[in-house]
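Count along the sequence shown from 1, add 67, and you get the number used in my numbering.
All residues carry an ideal CB built from backbone N, CA and C; glycine is no exception.
Each remark here refers to the structure printed beneath this line.
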Amino acid sequence: IGTYQAIKHKLADVLIAIEMARPLVYGAALSLADSSADTARDVSAAKVAAADAALLAARSSLQTHGAIGFTQEHDLSLLLLRVQA
68 IGTYQAIKHK
78 LADVLIAIEM
88 ARPLVYGAAL
98 SLADSSADTA
108 RDVSAAKVAA
118 ADAALLAARS
128 SLQTHGAIGF
138 TQEHDLSLLL
148 LRVQA
């Protein structure tokens, strides 16, 4: 997979989205632990960023795997349905 440049770009985009969501999730956890006044804002921002990253990862994975990723035998179809719900 790593020899195909187009797939590398897709996977790099997924990694960037995940790494952008990570500090927001950590910040939300700290905000919950400290019971700060901005907890709702921090948790909402983390939820949006994590959900967007998960959807991008699932869709990119489906495109990378092709039609086999959408079949019942492959777990990717279940993951995609969960992320889209």
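C-alpha gap between residue i and residue j, whole angstroms
i	j	result
Thr138	Ser102	44 angstroms
Leu147	Asp105	31 angstroms
Ser128	His141	12 angstroms
Proximity below 8 angstroms, CB of residue i to CB of residue j
i	j	result
Val81	Leu145	no
Ala73	Ala120	no
Ala88	Asp109	no
Residues near residue i in its chain [Cβ-Cβ closer than 8 angstroms; skip 5 each side]
i	result
Val92	Ala113, Ala116 and Ala117
Ile135	His141
Ser98	Asp105, Thr106, Asp109 and Val110
His132	His141 and Leu143
Simplified DSSP assignment, three categories, for residue i
i	result
Ser128	helix
Ser102	coil
Gln139	coil
Ala117	helix
Contacting residues, own chain, Cβ-Cβ under 6 angstroms from residue i (five flanking each side not counted)
i	result
Lys77	Ser127
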